[in-house]
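Undergrad:
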Amino acid sequence: MSACACPKECSQQQRHSPGVVKAEEPIVYVLLQPDHWAGGQLTAAAFAKSQLSRGTLSVCRGAHCTAEEARASIVQPQLERDDRRVLVGALRARCSDIRDIKLEAHRAVCVIDDGQANFPAHAVLAYSEVTKQEKFWERNQRSAVRAELARVFGLQPGPLSLKDCWDHFA
Amino acid sequence: MNLSTRSIRDQITQPAREELAFIEELRRPASQTPPVLDTDATALLYIAAHRLACSRFGVLGKGDPLESLPSSAPTYFVGLARGIRVVSKALQQTRDRLSEPVTGVYPQPSSRVAVMQVDTAGRNEPLRRLAQILETSGRAVANDPEAKRRFNAAKFDAAKFFAKLSAKLPKPRISVAEDGEVVVEWIGHNGRAVVDFEGDDHFGYALLRNGRFIAGQHAGDLQAPMLPPDLLQYLDELTTAE
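Same order as they appear, the protein sequences are chains D and G. Quick note on numbering: the first sequence equals residues 30 to 199 in the numbering used here. Quick note on numbering: the second sequence equals residues 333 to 574 in the numbering used here.
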């Protein structure tokens, strides 16, 4: 069932990637919008549904880059593009926890390698194929999946500095 | 900036026309108006939206009082300012009447959420917050036309949703996604409800049960007279538990 839900997880998608994303890998989401973290909770708004639908929600494979590389490749470019953004911190989740998000026994979120020449650790999150079936995919289910994603990334310890986040991997 | 009334009207989006319709609704005789608290709370948002519209088209500075609107301003904005003054006056009168918390009885009570003591300050808080994000998050999506379009529509959907809530609830957290979607969350010790708006007159919702979010059981339709019963029940339980 898993293979059908996320076929792009089964083979390397980008030649610059270090391979398919493994279940035990730590996935990092860099939070740049202060409004999305308040009172010790990550808001569901941190993850845009439209990006999940397009499969363009960027995350970082913590085991395949350093804190400095993440800062140079993720944080700096986004801060330069939009000076209203602020680095809140790095949120971590285990890849298997993301892949474990299910609705009615169907996998809902795919974690896909998307390594770039200048940043091989880049990966994307996407709604699974099965969720694109018209009858299955209702508005509330999209809301639940996105809220689950926020719950998984919002678990303790919450946003860490890039250095602390990567020190934890070491 | 020299804009003719027509060119401005050409740029007015559907939500802006909704604002005008809403102002007209507020000006109806008292016997026809919706419950006063709903009007009061929702009007706060619309005032902020109108101010934003005026400043967007350069006929009013962001912090300028409405009275400073130049006499040469296009007719649309003169009418707009007049409408805002009417709403402001109505708001003040409402506040005068409701300076103390009162017990309110609302139509079609389906749960304890619908009939309970009303804290007017708490009741208006979500709308104040929503008005606030018009300023902050609205700017955050300004560079993306699609996100801006979605946000402009979603904020009015959120206002309609709040207008249907007739009770004291825990303060929700309101935020805006990068694609312009408005997300409202109630977070309690024993639960969490997420309601999101994409600007299509519908909403999605999910409820945290046994540590995981599950999808709501009913379609979220803002044209429906009542909100989904499982959502109301959940918010009711969240309120009781706090």
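Backbone N, C-alpha and C define an ideal beta-carbon position, used for all residues, glycine too. Keep in mind that this is a model prediction, so the values were computed, not measured.
Give me the Cα-Cα distance between D/His-93 and D/Ser-82, rounded to the nearest whole angstrom.
TA: The straight-line gap from Cα to Cα measures roughly 25 Å.
Undergrad: Looking at the structure shown, is D/Ser-79 part of a helix, part of a strand, or coil, going by DSSP?
TA: It is helical.
Undergrad: Between the alpha carbons of G/Leu-554 and G/Glu-513, how many angstroms are there, rounded?
TA: Rounded to the nearest angstrom, the two C-alpha atoms are 16 Å apart.
Undergrad: Output the distance between the C-alpha atoms of G/Trp-518 and D/Trp-195, rounded to the nearest integer angstrom.
TA: Taking the straight line from one Cα to the other gives about 32 Å.
Undergrad: Kindly indicate which three-state DSSP category D/Ile-130 falls into: helix, strand or coil?
TA: Reduced to three states, the DSSP call for D/Ile-130 is coil.
Undergrad: Check for me: the beta strand (DSSP E) holding D/Val-115 runs from which residue to which?
TA: Neither: D/Val-115 is in no beta strand (DSSP E) and is coded neither H nor E.
Undergrad: When we look at the beta-carbon of D/Phe-198 and count the other beta-carbons within 10 Å, is it buried (16 or more) or exposed?
TA: Answer is exposed; the Cβ neighbour count stays below 16.
Undergrad: Here's the rule: buried if 16 or more other CB atoms are within 10 angstroms of the residue's CB, otherwise exposed. What is D/Val-115?
TA: Classification of D/Val-115: exposed, given that the 10 Å Cβ count is below 16.
Undergrad: Run down chain D in chain order and give the residues with a C-beta less than 8 Å from the C-beta of G/Gly-552.
TA: Correct list: Arg-168, Asn-169.
Undergrad: Taking beta-carbon pairs under 9 Å, can you tell me which members of the segment 68-79 of chain D lie near chain G?
TA: Cβ contacts with chain G come from Gly-68, Gln-70, Thr-72, Ala-73, Ala-74, Ala-75, Phe-76, Ala-77, Lys-78, Ser-79.
Undergrad: With DSSP run on the structure shown, which of helix, strand or coil describes D/Ser-202?
TA: A question about residue 202 of chain D goes unanswered here, because the residues of chain D that appear run from 30 up to 199.
Undergrad: For the segment 127-135 of chain D and the segment 172-189 of chain D, state whether three or more C-beta atom pairs, one from each stretch, are separated by less than 8 Å.
TA: Contact between the segment 127-135 of chain D and the segment 172-189 of chain D is present, because at least three Cβ pairs lie under 8 Å.
Undergrad: Whole-angstrom Cβ separation of G/Ala-547 and D/Ala-173, contact assumed at under 8 Å?
TA: Contact flag correct, Cβ pair sits at about 4 Å.
Undergrad: Measuring only the C-alpha atoms, how far is D/Leu-61 from G/Ala-495?
TA: Approximately 32 Å, taken between the alpha carbons.
Undergrad: Quick check: the Cα distance between G/Asn-475 and D/Gln-107, rounded to an integer number of angstroms?
TA: If you take the alpha carbons of G/Asn-475 and D/Gln-107, they lie about 13 Å apart.
Undergrad: With DSSP as the reference, identify every bridge partner of D/Ile-56, one or two as the case may be.
TA: Beta-bridge pairing links D/Ile-56 to D/Arg-90, D/Ala-122.
Undergrad: So, at 6 Å on beta carbons, what are the nonlocal neighbours of D/Phe-148 in its own chain, with the 5 sequence-adjacent residues on each side left out?
TA: Cβ neighbours of D/Phe-148 beyond the five flanking positions: Ser-102.
Undergrad: Is G/Gly-552 buried or exposed, if buried means 16 or more other CB atoms sit within 10 Å of its CB?
TA: By the 10 Å Cβ count, G/Gly-552 comes out buried.
Undergrad: Which word fits G/Leu-563, buried or exposed, when buried means at least 16 other C-beta atoms lie within 10 angstroms of its C-beta?
TA: Buried.
Undergrad: To which residues of the same chain is D/Gly-69 closer than 7 Å at the C-beta, ignoring the five residues directly before and after it?
TA: Answer for D/Gly-69: Gly-187, listed in chain order.
Undergrad: Can the beta-carbon of G/Leu-545 be found less than 7 Å from the beta-carbon of G/Ala-538?
TA: Note that residue 545 of chain G is Phe in the sequence shown here, rather than Leu. Result yes, Cβ atoms of G/Phe-545 and G/Ala-538 sit closer than 7 Å.
Undergrad: Taking a Cβ distance cut-off of 7 Å, strictly less, list which residues of the segment 140-152 of chain D are near chain G, in chain order.
TA: The residues in question: there are none.
Undergrad: So with CB distances below 7 Å, who are the chain D contacts of G/Phe-545?
TA: Neighbours of G/Phe-545 on chain D, chain order: Ala-173, Ala-176, Glu-177, Arg-180.
Undergrad: Is D/Asp-193 close to chain G? Criterion is C-beta to C-beta, closer than 7 Å.
TA: Closer than 7 Å: no.
Undergrad: Kindly provide the ranges of any beta strand (DSSP E) runs that are 3 or more residues long and lie completely inside the segment 137-169 of chain D, ordered along the chain.
TA: With a minimum length of 3 residues, the continuous beta strand (DSSP E) runs that stay inside the segment 137-169 of chain D are 138-142, 151-156.
Undergrad: Could you check the C-alpha separation between D/Gly-183 and D/Ala-122 for me, to the nearest Å?
TA: About 8 Å.
Undergrad: Using only the alpha-carbon positions, how far apart do D/Thr-160 and G/Ala-479 sit?
TA: Distance between the alpha carbons of D/Thr-160 and G/Ala-479 is about 23 Å.
Undergrad: Would you kindly work out how many angstroms separate the C-alpha atoms of D/Gly-118 and G/Asn-542, rounded to a whole number?
TA: Distance between the alpha carbons of D/Gly-118 and G/Asn-542: 28 Å.
Undergrad: Using C-beta distances below 7 Å, list every residue in its chain close to D/Gln-42, excluding the 5 sequence neighbours before and after it, in chain order.
TA: Cβ neighbours of D/Gln-42 beyond the five flanking positions: Ile-141, Asp-142, Asp-143.
Undergrad: Determine the DSSP secondary structure at G/Gln-440, reduced to helix, strand or coil.
TA: Low confidence applies here, because G/Gln-440 scores a pLDDT of 31, under 50, leaving its location unreliable; read the following figure in that light. G/Gln-440 falls in the coil class under three-state DSSP.
Undergrad: What does the Cβ neighbour count give for D/Asp-193, buried or exposed, with the cut at 16 atoms within 10 Å?
TA: Exposed, since its Cβ has fewer than 16 Cβ neighbours within 10 Å.
Undergrad: Return the CA-CA distance between D/Ala-73 and D/Ala-67, expressed in angstroms with no decimal places.
TA: Roughly 12 Å separates the two Cα atoms.
Undergrad: Grab the span of the alpha helix (DSSP H) containing G/Arg-505 for me, first residue to last.
TA: Careful: G/Arg-505 lies outside any alpha helix (DSSP H), inside the beta strand (DSSP E) at 505-508.
Undergrad: Could you check whether the Cβ of G/Val-526 sits closer than 7 Å to any Cβ belonging to chain D?
TA: Answer yes: the Cβ-Cβ gap between G/Val-526 and chain D drops below 7 Å somewhere.
Undergrad: Starting from G/Ala-491, follow the beta strand (DSSP E) in both directions and report where the run begins and ends.
TA: Looking at the DSSP string, G/Ala-491 is not in any beta strand (DSSP E); the run it does join, the alpha helix (DSSP H), is 477-496.
Undergrad: Quick check on the DSSP output: the beta strand (DSSP E) that includes G/Ala-547 runs from which residue to which?
TA: First-last of the beta strand (DSSP E) with G/Ala-547: 544-547.
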